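So the sequence shown is numbered by this note's numbering: it starts at 118 and just counts up by one.
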Amino acid sequence: MSSEKTPSISRRKFIQATGGLAAASAVSGFTLPNVHPGESNVIQVALVGCGGRGSGAAVNALATTSGPVILVAMADVFPDRLKSSYENLIQDHRPQMDVPEDRKFLGFDAYKHAMDCLKPGDIVILTTPPAFRWVHFQYAISKKLNVFMEKPVTVDGPTSKRMLQLGEEASAANLKVGVGLMSRHARNLQELYKRVQNGELGEILLMRGYRMHGPAGYFDSLPKPNDISHLDYQIRRFHSFLWASGGCFSDFYIHIIDQACWMKNTVPVSAQALGGRHYKQNAEGVTFVDQNLDTYSVEYTFPDGAKFFFDGRCVNGAAGMYSSYLHGTKGIAIASRAHD
118 MSSEKTPSIS RRKFIQATGG LAAASAVSGF TLPNVHPGES NVIQVALVGC
168 GGRGSGAAVN ALATTSGPVI LVAMADVFPD RLKSSYENLI QDHRPQMDVP
218 EDRKFLGFDA YKHAMDCLKP GDIVILTTPP AFRWVHFQYA ISKKLNVFME
268 KPVTVDGPTS KRMLQLGEEA SAANLKVGVG LMSRHARNLQ ELYKRVQNGE
318 LGEILLMRGY RMHGPAGYFD SLPKPNDISH LDYQIRRFHS FLWASGGCFS
368 DFYIHIIDQA CWMKNTVPVS AQALGGRHYK QNAEGVTFVD QNLDTYSVEY
418 TFPDGAKFFF DGRCVNGAAG MYSSYLHGTK GIAIASRAHD
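What follows is the structure in structure tokens.
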């Protein structure tokens, strides 16, 4: 009798092949350099931002079966979030957890220490509030790390320009960068994209998108407690502050807007919008701290004159809706549809 051993997949081939980090399907065109000939095939991962999204992304990474993945470092501003994330991850992924106390980093410079634990070609997960994304991305590029980052990736115009430039630098360095824009990883939307590009709908003249829901995340924030600084309070409640999150529009509506840009293979050249809000209070009459609007209505214009109309609503009692449609000269397509 003889037994055959399954060959161990290399670090480079794993990052090219795996979908567990969402990076491969997002940037499958990149080829990683062989930065460490003869090195261990283990892919080391660092987690920067240990909230719910970061912990979820780490679970996805550690659940990958295409290659050996180990979490070796964690970073956050808040000790309680790092502690909670670590305890939750180690319950189900103990064999893939190698994060001793001296690789649990706290503070605003913790991201550097976590990435310093990695080798070129390893992976860092960036899941802090997006106000810090460009700073962390810039450092990851300097360390020659592949990146998975959660959306949103910017909060305003200047940081958007920075991120576009950093994206070009990452591409030039042959690094893989995946972003948690879920539509790009949905097979039904990938198929729709192919059909649109093949001309089955003709010329796309109009697109429509709708997202209606109640407050979620860290929106309805009560006034700052006395035992926390203004900065820590705003980072913890980042959805309520535009500088930290880009707000509801950037965080939630980005998915449907991304669908439209993807199908058109370009971005709008102009937009005009309306919005409104009223001040909301809890049951005791305390006014919430929140910079978001309750309603949004935007008309986007693409370079070829095509229009995309988006309506969003984030208020208690809103009928839930998540839908988008494409209108072409040969037909109409449903890109996404729920609860309408």
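Ideal placement from N, C-alpha and C gives every residue a C-beta, glycine not left out. Remember, predicted model here, so these are calculated numbers, not experimental data.
| Asked | Found |
| --- | --- |
| Own chain residues within Cβ distance below 6 Å of residue 337, not counting five before or after | 405 |
| Contact set for residue 410: own chain, Cβ-Cβ below 7 Å, skip 5 residues either direction | 392, 393, 394 |
| Reference residue 269, options 240, 430, 209, 297, closest by Cα | 297 |
| Within 8 Å, strictly: CB atoms of residue 199 and residue 235 | no |
| For residue 267, the three-state DSSP class (helix, strand or coil) | coil |
| Own chain residues within Cβ distance below 7 Å of residue 139, not counting five before or after | Bear in mind that the predicted position of residue 139 carries a pLDDT of just 44, short of 50, making it unreliable; the figure below should be weighed with that in mind. 265, 295, 297, 302, listed in sequence order. |
| Same chain, Cβ closer than 6 Å to residue 201, neighbours up to 5 away in sequence not counted | none |
| Backbone CA spacing between residue 542 and residue 291 [nearest angstrom] | Look at the range of the chain in this structure, 118 to 457, and you will see that residue 542 is not part of it. |
| In chain order, each alpha helix (DSSP H) run of at least 4 residues that lies wholly inside the segment 355-410 | 359-362, 364-368, 371-381 |
| CB contact flag (residue 438, residue 329, <8 Å) | yes |
| Whole-angstrom distance between residue 253 and residue 247, CA atom to CA atom | 10 Å |
| As assigned by DSSP and simplified to three states, the class of residue 207 | helix |
| Coil, strand or helix - residue 152 by DSSP | Bear in mind that a pLDDT of 39 at residue 152, under 50, signals an unreliable position, so the model cannot answer this. |
| Collapsed DSSP secondary structure at residue 323 in the structure displayed | strand |
| Close beta carbons around residue 455, own chain, < 8 Å, minus the five adjacent residues each side | 437, 438, 439, 440 |
| Spatially closest choice to residue 389 from 344, 426, 373, 407, by CA coordinates | 426 |
| CB contact flag (residue 428, residue 350, <8 Å) | no |
| Terminal residues of the alpha helix (DSSP H) in which residue 220 lies | Segment: none, residue 220 is in no alpha helix (DSSP H) and carries neither H nor E. |
| Residue 319 versus 210, 158, 191, 423, residue with shortest Cα-Cα distance | 423 |
| Rounded straight-line distance, which links the Cα of residue 387 to that of residue 230 | 41 Å |
| With 16 other Cβ atoms within 10 Å as the buried cut-off, status of residue 283 | buried |
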